[in-house]
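> Take a look at the following structure, please.
Below, the structure written as structure tokens:
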């Protein structure tokens, strides 16, 4: 194989081998260059720099949601059942609704909202804020007609502001619950505790 045999002089065979080997080397080099070009290895000219930004565009004042004014909000108190047995756990809710015609944001943090249970005559029985002082950061975006609700479980016991008195079981009778968000208060929602 290394010693050429044939009718021609050995230099002819060596020349042919050199040309064949050179062709293979060139073909491999071309394939490698083509593969690099296809995979992004080839340097491309850089894009021209972007034009400088123009002057700032004024945004309409009403584009960002504003705070909900009191007159755009409705606050309601809800009771899970209109009648429960004394001593049962009772689900109570405060529901805040955007009754306005545009989206707005309102702070409904824990210390701003309150549910209060009182007797039918209006005597204080229990409040969700009597023994609770932790504040929260809650500022939901309310679309027109959208509500946000917060649920509380009342254990059927009394409470006093600042937790000043030990809780007592509430006897059967007629009661009402009202909801408050800051200075906005709901109408009372009646419910009954049965023996």
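Numbering (this note's numbering), first residue to last: 838 to 1032.
Beta carbons are placed, not taken as given, at the ideal position from N, Cα and C, and that holds for glycine.
Because the structure is a prediction, the values reported are computed rather than measured.
Return the first residue and the last residue of the beta strand (DSSP E) that residue 928 is part of.
Residue 928 -> beta strand (DSSP E) spans 927–935.
> Could you name the residues of the same chain whose beta carbon sits closer than 7 Å to that of residue 1026, not counting the 5 residues immediately before and after it, in chain order?
Within the same chain, residue 1026 has close Cβ partners 914, 915, 916, 1013 and 1014.
> Is it true that the stretch 961–977 meets the stretch 939–947, where meeting means three or more beta-carbon pairs spaced less than 8 Å apart?
Flag = yes, the stretch 961–977 and the stretch 939–947 touch.
> At what residue ranges does the stretch 916–983 contain a whole run of the beta strand (DSSP E), taking only runs of 3 or more?
For the stretch 916–983, whole beta strand (DSSP E) runs of length 3 or above, ordered along the chain, are 920–922, 927–935, 950–956 and 961–964.
> Considering Cα atoms alone, identify which of 1031, 1019 and 1030 is closest to residue 912.
When each option's Cα is compared against that of residue 912, the closest is 1019.
> With contact counted as at least three CB pairs below 8 Å, one residue from each stretch, are the stretch 930–939 and the stretch 956–963 in contact?
Cβ pair count under 8 Å is below three, so no.
> In angstroms, rounded to a whole number, what distance separates the CA positions of residue 1011 and residue 901?
Rounded to the nearest angstrom, the two C-alpha atoms are 46 Å apart.
> Quick check: the Cα distance between residue 924 and residue 987, rounded to an integer number of angstroms?
Cα to Cα, the separation comes out at about 22 Å.
> What residue range is occupied by the uninterrupted beta strand (DSSP E) comprising residue 1011?
1010–1018 is the span of the beta strand (DSSP E), which, as asked, contains residue 1011.
> Tell me, to the nearest whole angstrom, how far the beta carbon of residue 1030 is from that of residue 910; I am working on the premise that it is less than 8 Å.
With a Cβ gap of about 30 Å, residue 1030 and residue 910 do not count as contacting.
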